[in-house]
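Numbering (my numbering), first residue to last: 181 to 575.
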């Protein structure tokens with residue numbers, strides 16, 4: 181199969197980039213011809229003032245990206261175009277370029293930007309759905325949710341409103357891929373057609389293999405150090421767990437608080453930047469991973485999936501995607517989001533019951549093999565592509 185893969189990198193790397201790169205590699209490993217069209221928001225750094233002034237318009241309709249993609253489609257004649265991120269150098273205008281050449285479009289929804297200008301559904305320490313099902317996301321503009329800027333939020337909101345009115349996502353996208361049932365339900369609530377929303381989880385590749393038998397030497401947190409990831413709750417919990425080693429790998433606005441906590445408690449270790457292989461070894465050395473996210477609308481937990489692949493159980497918040505990926509008493513334990521006392525109690529219990537956690541680790545590996553392994557993901561991807569192509573052929 182010949183596939184056009186389209187992705188817009190952000191200025192900082194993230195999970196969406198990982199998902200895109202792994203999927204392209206997986207398709208090529210199975211003999212498919214993948215043509216890529218990639219842009220990056222880092223291009224802004226080389227723009228002059230006039231070009232920067234045109235970013236809001238580009239965000240809604242990038243004439244350049246649409247023209248370039250249409251030229252690629254005319255030359256390569258792919259059977260299908262798979263879009264990952266279009267924000268903001270590509271824009272949804274690219275769908276129209278594919279439609280003009282009769283190429284069906286699938287769009288991976290790896291964030292909730294279609295219903296939230298900030299793509300987080302989280303504001304000022306709480307879950308926020310204020311912009312859901314609104315023609316114009318005016319609450320987001322009012323609160324300057326995107327980059328703390330009303331003008332930039334207005335630009336995103338204008339893009340969303342324009343394409344809602346044009347019915348772009350209804351008419352120009354054949355299918356949407358979501359990683360979890362939780363996200364599928366959310367997008368249905370937001371108005372996307374249920375028959376277009378297909379569940380295709382992300383995957384871990386290469387397979388890191390299950391760790392050697394052992395109980396693990398520390399609890400582990402890996403993630404961005406900001407409030408919605410639950411790092412403040414984690415640090416409050418550790419005030420009651422001074423004897424339990426905690427390794428923290430991440431960066432972000434709450435880094436100074438982690439540094440202060442590490443200075444006060446020698447059992448809290450802040451881990452420096454690691455290579456991918458070193459990160460896997462860090463996970464394998466943990467007794468369990470802690471995923472205390474308070475952001476209800478996380479799209480997928482790549483680190484959690486990597487922990488499952490390594491046979492490491494996960495203590496996860498009992499809501500949203502976290503509760504879907506981690507089943508209480510199966511491949512980990514649930515903790516109440518934002519509740520430092522409950523987190524401390526669960527961590528202590530897990531630390532003092534290593535044999536039970538080792539059993540959960542074996543079950544965690546089985547969950548990986550059933551849901552998040554490359555071969556399983558390839559099967560799901562081919563089924564989804566076949567569904568889209570069959571509908572396209574039927575008209």
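In this text, a Cβ means the ideal position worked out from N, Cα and C, and glycines have one as well. The model shown is predicted, which means the values in this text are computed figures rather than measured ones.
Asked, Found
"Any heavy atom of the ligand NAP within a distance shorter than 7 Å of the CB on residue 324?", "Ligands in the displayed structure: none, and consequently the ligand NAP is not present."
"Evaluate contact between the stretch 293–311 and the stretch 470–478, counting only Cβ atoms and requiring at least three cross-stretch pairs below 8 Å.", "yes"
"Quick one: what's residue 350 bridged to in DSSP?", "Answer by DSSP bridge pairing: none, since residue 350 is not bridged."
"Kindly list the residues whose CB is nearer than 7 Å to the CB of residue 526, restricted to its own chain and excluding five residues on each side of it in sequence; keep chain order.", "495, 513, 515"
"Touch check for the stretch 301–321 and the stretch 206–224: three-plus C-beta pairs under 8 Å?", "no"
"Counting along the chain, where does the beta strand (DSSP E) carrying residue 467 start and finish?", "466–471"
"So, at 6 Å on beta carbons, what are the nonlocal neighbours of residue 433 in its own chain, with the 5 sequence-adjacent residues on each side left out?", "406"
"Please state whether the Cβ-Cβ distance between residue 468 and residue 410 is less than 8 Å.", "no"
"To which residues of the same chain is residue 568 closer than 7 Å at the C-beta, ignoring the five residues directly before and after it?", "260, 284, 286, 354, 355"
"Nearest to residue 398 by alpha carbon, out of 304, 452, 426?", "426"
"Leaving aside the five residues before and after residue 364 along the sequence, list all residues of the same chain whose C-beta is less than 7 Å from its C-beta, in chain order.", "358, 377, 379"
"Scan the stretch 195–235 and note each continuous beta strand (DSSP E) run of 3 residues or more that stays entirely inside, going in chain order.", "213–220"
"Rounding to the nearest angstrom, what Cα-Cα distance links residue 253 and residue 225 in this structure?", "29 Å"
"If residue 266 sits next to residue 274, beta carbons under 8 Å apart, how far is it from one beta carbon to the other, in whole angstroms?", "6 Å"
"I'd like the span of the beta strand (DSSP E) that includes residue 287, first residue to last.", "285–288"
"Name, in chain order, the residues that DSSP records as bridge partners for residue 527.", "Residue 527 is not bridged to any residue."
"Tell me residue 182's beta-bridge partners as DSSP assigns them.", "213"
"Where does the unbroken beta strand (DSSP E) through residue 553 begin, and where does it stop?", "Per DSSP, residue 553 belongs to no beta strand (DSSP E) and is neither H nor E."
"Taking all protein chains shown into account, do 16 or more other C-beta atoms lie within 10 angstroms of the C-beta of residue 288, making it buried, or fewer, making it exposed?", "buried"
"Could you give the C-beta distance for residue 381 and residue 551, rounded to a whole number, given that I count them as a contact under 8 Å?", "6 Å"
"Taking the Cβ atom as the reference point for each residue, do residue 248 and residue 200 lie within a distance shorter than 8 Å?", "no"
"With distance defined between alpha-carbon atoms, name the residue in 292, 501, 511 nearest to residue 490.", "511"
"If we count the other Cβ atoms within 10 Å of its Cβ and call it buried at 16 or more, is residue 557 buried or exposed?", "buried"
"Using beta-carbon positions only, say whether residue 460 and residue 429 come within less than 8 Å of one another.", "no"
"Could you give the residue range of the alpha helix (DSSP H) that holds residue 276?", "273–280"
"Could you have a look at residue 323 and say whether DSSP puts it in helix, strand or coil?", "coil"
"Below 8 Å on the Cβ atoms is my contact criterion, and I expect residue 449 with residue 442 to pass it. Report the Cβ-Cβ distance as a whole number of Å.", "7 Å"
"When the distance is taken between beta carbons, is residue 293 closer than 8 Å to residue 271?", "no"
"Can you list, in chain order, the residues of its chain with a C-beta nearer than 7 Å to that of residue 324? Leave out the 5 residues immediately preceding and following it.", "330, 333"
"Quick check on residue 345: does DSSP put it in helix, strand or coil?", "helix"
"Straight-line CA distance for residue 234 to residue 268?", "12 Å"
"Return the Cβ separation of residue 349 and residue 372 in integer angstroms, given the expectation that the two are a contact with Cβ distance under 8 Å.", "7 Å"
"What did DSSP end up calling residue 496 once you bin it into helix, strand or coil?", "strand"
"What's the C-alpha gap between residue 454 and residue 340?", "37 Å"
"In whole angstroms, what separates the C-alpha of residue 500 from that of residue 362?", "6 Å"
"With a threshold of 16 other CB atoms inside 10 Å of the CB of residue 444, please say whether the residue is buried or exposed.", "exposed"
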